[in-house]
Structures are given as structure tokens and as C-alpha cells.
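*Asks:* Residue numbers (the UniProt record's numbering), protein chains in the order written: chain A, 1 to 287; chain B, 1 to 297.
#1: If I'm right that residue 175/B touches residue 123/A with Cβ under 8 Å, what's the distance once you round it to whole angstroms?
#2: Measure the C-alpha to C-alpha separation of residue 9/B and residue 187/B and round it to an integer number of angstroms.
#3: Is the beta carbon of residue 237/B less than 8 Å from the beta carbon of residue 44/B?
#4: Helix, strand or coil: which one does DSSP assign to residue 238/A?
#5: From what residue to what residue does the beta strand (DSSP E) around residue 35/A run?
#6: Alpha carbon to alpha carbon, what distance is there between residue 256/B and residue 263/B?
#7: Is the segment 36-46 of chain A touching the segment 84-95 of chain A, taking contact as three or more C-beta pairs under 8 Å?
#8: Under the three-state reduction of DSSP, which class applies to residue 256/B: helix, strand or coil?
#9: Less than 8 Å between the C-beta atoms of residue 197/B and residue 67/B, yes or no?
#10: Checking contacts by CB at 8 Å: is residue 171/B closer than that to chain A?
#11: Is residue 102/A helix, strand or coil by DSSP?
#12: Give me the subset of the segment 94-112 of chain A whose CB atoms are less than 9 Å from a CB atom of chain B, sorted by chain position.
#13: As a quick exercise: from 231/B, 178/B, 201/B, pick the residue whose alpha carbon is nearest that of residue 82/A.
#14: Is the beta carbon of residue 225/A less than 8 Å from the beta carbon of residue 201/A?
#15: What runs of the alpha helix (DSSP H), each 4 residues or longer, lie entirely inside the segment 177-249 of chain B?
#16: Note down the Cα distance separating residue 45/A from residue 70/A, rounded to an integer number of angstroms.
#17: Could you please tell me which residues of the segment 145-174 of chain B, in chain order, have their CB closer than 7 Å to any CB of chain A?
#18: Closest Cβ-Cβ distance between residue 132/A and chain B: below 8 Å?
#19: Assign residue 93/B to buried or exposed, taking buried as 16 or more other Cβ atoms, counted over all protein chains shown, within 10 Å of its Cβ.
#20: Check whether the Cβ atoms of residue 235/A and residue 250/A lie closer than 8 Å to each other.
#21: Can you pull the chain B residues whose beta carbon is under 9 Å from the beta carbon of residue 153/A, in chain order?
#22: What is the DSSP secondary structure of residue 47/A, counted as helix, strand or coil?
#23: Name, in chain order, the residues that DSSP records as bridge partners for residue 51/B.
#24: Would you give the residue range spanned by the alpha helix (DSSP H) that residue 116/B belongs to?
#25: Between which two residues does the beta strand (DSSP E) carrying residue 249/A extend?
#26: Quick check on residue 148/B: does DSSP put it in helix, strand or coil?
#27: Looking at chain A, which residues of the segment 74-107 of chain B have a Cβ within less than 9 Å of any of its Cβ atoms?
#28: Report the three-state DSSP secondary structure of residue 97/A (helix, strand or coil).
#29: In chain B, what lies closer than 9 Å to residue 119/A by C-beta?
#30: Starting from the C-beta of residue 265/B, find all residues in its chain whose C-beta is less than 6 Å away, skip the five residues before and the five after it, and write them out in chain order.
#31: Going straight from the alpha carbon of residue 206/A to that of residue 232/B, what length do you get?
#32: To be precise: take each residue of the segment 181-196 of chain A, compare its Cβ to all Cβ atoms of chain B, and keep it if any distance is under 7 Å. Which residues remain?
#33: List the endpoints of the continuous beta strand (DSSP E) containing residue 62/A.
#34: Might you give, ordered along the chain, the residues of its own chain that have their beta carbon closer than 7 Å to the beta carbon of residue 159/B, omitting 5 neighbours on each side?
#35: To the nearest angstrom, how far is it from the Cα of residue 20/A to the Cα of residue 24/B?
#36: Should the segment 180-193 of chain A be called in touch with the segment 211-228 of chain A, which here means at least 3 C-beta pairs below 8 Å?
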């Protein structure tokens, strides 16, 4: 959509591209026909392609087992610790290939993954967790960044015990704060809403949007909670069985009948029993 | 009751216990960081002592210079060992890795015998006075130095794990390797660093014991002696290792007292730590300081 808009206004294109925000410009992150195999036999991603434009929040939605988390791990390089491997295709970040690069070097290049289930270091204090986030950095701005993260999450300053005793919401804040300490250009966020109350989900997504706007951090957001994700995202991809089956701007996705039916749960008066819904889903496929 | 002897033995126990603590600490370091039970820990002491002895006798280096060179050697040795032998084993079953460390232990023992002979060799005299007396108790000067070094090592460990960036990284790696990777910590380098530090710290104990008893393959027995200490403290607790070491050192010497004064069985000193080991494994298999996972309910 916006590609057409840019074409209509060629005079502005150069300006927009200079800001690195135009979709016509090379995306910050690009996956091209990525295939991932676990344990040499289990094919999880079957030729997945997606673009994450710089400065955007891109949502990656899909059902359980669609391969969303695997996609993120393929990007961050954590796949190999689970005996998975990118067997085909390529992943490009900022113009250079990053598939096959060690995970610590990927963090150094500016990609930071906030893993599913927070995964904070439970036996360390919140402060120690935050300092660990800055491990890959050698510059002097770490102390300033720590201050800034604490202004985002003032509650973390009061907690001096082991981070394992924080509430779920606080742990999620800590995980996001820890990511910010690395001063990344791209944050891969895996299920930030997991196990949180609706009110906290709202708060966390508000913070995600704030980080994106204030700090200009690009975010690739994986979510089961499609409604919450589409509320903050600019673009979305929908995955099924290791492939992208639908993509577009948030408005396009929201107005798509199938997305409404399967992910936003608002098919109006034709709502059926759960059992019927499932069989309907099995019959109907996109593409 | 012979109070003087008892006090003397308690003091000896604390000093030797601190040394056990240091070795146990370096053992725990490897276990925590890389989940490897290192049966070649005792050989680290042996190698460190032999290298230091060799530098001192062959090149006539002053003691502290020789010790520093030994540390540098052990640092390189630890890294090389991890990179060459243990790195290819990452991902293999834990029992294979343990068997490899047992193999390493046998290999290095034989290597040391081949290079330096089978007889115990005395260190050249290091202190002009070999004993000092404090409050009527005789203490070997070396032991006094060893106590100082042990305490310094423990303080350094505490500082390292609490405040330094790489110490935190090591703790994160011990907690969860995938999490550590996601934070940008090069996990392989952390393993190598753990082995290097462990080798250096162990060599201190090796040198001290070597000065007191002479350098011989008996030194590697310390690697077995730390097991009761480590199990007592909990396999993955550095503080527990120190406490465990002190307790085992004390128990040994108290056993010697009881044996010498009353029982006259002969060798209780050697055996008591292992009785303790059996009892601990029966009543508290995770030791007194072993981690319990934090679980919010």
C-alpha cells in the first residue's frame, strides 16, 4: 500500500529514504526463503520470507507450532543450542548476512532477543540482570542507559532481592529493560503477553510502543494475542506451518475476514461452537 | 585432655581446610560454569607444583617470580585444555566427559612421573624462619602464607562474581546457557575462562602443599579429598565449597586428635572425610548450600 503512495509522490521519496523509514528502501532485517530443520529431520520453517523495515513494529502472528519462535531463534542464532539449523535461504541484517553467525556476535551487531517466558536470571538481583544486558557493550554510556531504563521501570529500583521473586509483570519489564541495556537496533520480542493479566498486557504493549517511538528501536514482535499485537504494530505477518500465508499493513490485516475469524475472534453472529470452528479451520486454508 | 595439642590441631585444621576450600572452590567453578565434574582437579595442583619447583630449581628464580610465571603457565594450560580436549565434547553425554577427565587425570600423573621422576622433591627453602609461634602455637611460615593467599583468593572470588562483568557473565552461563547466549555472552569463552581460573587457583594450593610436604604425585590426592568438601557444601555453591573445605580440614585434625589420644586405630585422619561424605549423601544429597530453584507459586 504505502509503496504505491511513495510512487505517487516521487519528490518526497528521497527524504523519506534518507530517514531510513521508507519501505522502498532496503529493510533493516530481511529473511529470504529460510528453511529451518531441527535434529536434521524435523522441518519447521519451509521457505519463510519476511521484511522488517527500520523503525517499525512488525508483528508476527500465528497459531501454536506455526514456527514463530523458531523464526526469532533463527535470526538471533539461538537455534543451534536447540540443535536446529538454517539449511536454506538467507537472513540479512543491515545489508550483511547473519545466518550462521555466533549468537554473541549477532548481539554485538545490534539484534537482541527477549525470549519467551522472560528468562531472567532468577538468582541475580534486577540490577545485576540489567548490567548483564550491557555485556556486549564497551562504550561509556552504560551508566546513563541504566538511569534511563530505571526511569522507564522505576519499580525495578526498589527490588533488591533475587529477580526470581519478582511478579510476572515485573519480570517482563526487567526482560525488556535488560534488552534496552544492550542498546540494540532491533529487538526480537517473543510472547511478551505470556501469563500476564489483561491490564498488564496493556501496560507492556504501551511500553513497547514507547520504546519504538522514543528510542527508534525496530521491533519484531511475536504474539499469540493478535488483538494486542495489532494494536501497536505497523505491519503484520501471519504464519501457518512454517510459512507466511498473509501479510500487510495493520489496517489490511484487521479488515481481512479470515484474520477476524481466526485471530481476532469476532466473526459476529455466525459464531459457532468451538468444535465446529476447529473443523472449519481445518477445511479452509489461505492460498 | 591435651589442650595445647587440640588447639594446635584445630589451627592446622583451619589452615589445611582453607586450602581444601580453595581447591573445592576451583572445582565448583568448573562444575558451575560447564557442568563438568573434573576428576583431574588434583592434577592441576600437581602440575602447578612441579612447574613452580622446576622454575625455582632449574632457573633459580626468586619464589614470587616463579609463582607468577607458574600462574601464567596454568592460565594458558587451562585454556588449552578446555579448547583442545573439552570443547569438542560439548553436547556429548555427561558420562563421556567425566570419563575423559578421569583419562586426563591418569595421563597427567604419568606425564609428571615421566618428566620429573617418581620421588618426592623438596622445594628450595623460601623463608628464613620455617616456623613462627603465635600464642604458644607453632605455625609453619608457609602455612601462614597459605592462609593469607587462601583468604585473598576467596575474597577475589567473591568480588569477581558479585561485581565484575565477566563474573556476572559466568553466573548467567551457570544459570542457563541459552539465556547467556541471548545476552551476547560468548559461552565457549566463558568455559575456557572457568578452566583457566580453576587451574591457576588450584596451582596455588599445589605450590603451598608442595613446599610443606615436597612435590610428588601424592599431591593429586587433594583432588579426591575435595569431594567430601564439595559435596558437603553443595556441588554448585562457591561459598559452600569454602565452608565445606574448612569443615573437612577441621574434622580431619579432630579425628587425628581423638585417634591419637584415645582410640589408637592408626589412620582415622585419612578416612574421616569419606565417612562424612557417605553420611552427607545419605541425609542431605544436595549439600548444605546447594541451589534450590526459585519457584513462585
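Beta carbons: idealized from backbone N, C-alpha and C, even for Gly.
*Replies:* According to the structure data:
#1: 6 Å
#2: 44 Å
#3: no
#4: strand
#5: 29-38
#6: 10 Å
#7: yes
#8: helix
#9: no
#10: yes
#11: coil
#12: 102, 103, 104, 105, 106, 107, 108, 112
#13: 178/B
#14: yes
#15: 177-182, 187-213, 221-233
#16: 8 Å
#17: 165, 168, 169, 171, 172
#18: By this cut-off, residue 132/A is an interface position.
#19: exposed
#20: yes
#21: Here the premise fails: no neighbours, minimum Cβ distance about 18 Å.
#22: strand
#23: DSSP, once it has assigned bridges, lists no residue as partnering residue 51/B.
#24: 94-116
#25: 243-249
#26: helix
#27: 91
#28: strand
#29: 176, 178, 179, 182
#30: 259
#31: 49 Å
#32: Residues of the segment 181-196 of chain A whose Cβ lies closer than 7 Å to any Cβ of chain B, in chain order: 182.
#33: 57-62
#34: Within the same chain, residue 159/B has no close Cβ partners at all.
#35: Low per-residue confidence applies at residue 20/A: pLDDT is 42, beneath 50, and the placement is therefore not dependable, though the value from the model is reported in the following sentence. The straight-line gap from Cα to Cα measures roughly 55 Å.
#36: The way I'd put it, the segment 180-193 of chain A does touch the segment 211-228 of chain A; three or more beta-carbon pairs between them come closer than 8 Å.
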